[in-house]
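A short write-up of the structure that comes next.
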Amino acid sequence: MRILIVEDDRELAAALDDALRYEGYATDVAMTGVEALKALADTDIDIVLLDRDLPVLSGDAVMATIAANRIPVAVIMLTAAADVSDRVSGLDLGADDYLTKPFAYPELLARIRALQRRAG
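Going by the numbering used here, the first residue of the sequence shown is number 10, and it counts up by one from there.
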């Protein structure tokens, strides 16, 4: 299982990278939306942890590109945008799940496992 972490906060990206690798996941990190799309084109990714507030190309634009191109990847939006309207719009864009920051790491792991179960 390969997870792409799309997060512009270097400390959070590094912490997620370390923690997910410890759990046995293969990971890649992208700091911008452009880097995320490149990683999706170049690598077999199973799950994307996608921040909405990214430099250059927003997480919403990345999600729209994933949906428009029917890229077979599960997406968890992992973001500070916590209003109900934010969550609804993120899910309507095509995200499979939505988790707001700050988040509990065990909850993130449970959501990743749930996506794994659905993927078979």
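Each residue gets a CB set at the ideal place from its N, CA and C atoms; glycine is no exception.
State the Cα-Cα distance for the pair R96 and A48, rounded to the nearest angstrom.
-> Indexing the sequence shown from 1 puts residue 96 at position 87. Indexing the sequence shown from 1 puts residue 48 at position 39. Rounded to the nearest angstrom, the two C-alpha atoms are 25 Å apart.
Is T52 buried or exposed, if buried means 16 or more other CB atoms sit within 10 Å of its CB?
-> By one-based count along the sequence shown, residue 52 stands at place 43. Counting Cβ neighbours within 10 Å, T52 comes out exposed, since fewer than 16 surround it.
Where DSSP assigns a beta bridge to M86, which residues make up the other side?
-> What you label residue 86 is simply residue 77 of the sequence shown in a count that begins at 1. Per DSSP, L59, Y107.
Quick one, are the C-beta atoms of Y34 and I12 less than 8 Å apart?
-> Taking the first residue of the sequence shown as position 1, residue 34 is located at position 25. Taking the first residue of the sequence shown as position 1, residue 12 is located at position 3. Yes, the pair counts as a contact, with Cβ atoms nearer than the cut-off.
Quick one: what's got a C-beta closer than 8 Å to A22's C-beta in the same chain, skipping five residues either side?
-> Sequence index remark: in the sequence shown, residue 22 carries index 13 (1-based). For A22, where only same-chain residues beyond five positions count, the Cβ hits under 8 Å are I14, E16, V38, M40.
Please go through the segment 15-39 and give each complete beta strand (DSSP E) segment of 3 or more residues, from N-terminal end onward.
-> 35-39
Compare the Cα-Cα distances from N78 to each of A90, I56, T88, G103 and report the closest residue.
-> Numbered from its first residue, the sequence shown carries residue 78 at position 69. With distances taken between Cα atoms, N78 lies closest to G103.
To the nearest angstrom, report how far apart P115 and A76 are at their CA atoms.
-> As a working mapping, residue 115 is identified with position 106 in the sequence shown. As a working mapping, residue 76 is identified with position 67 in the sequence shown. If you take the alpha carbons of P115 and A76, they lie about 28 Å apart.
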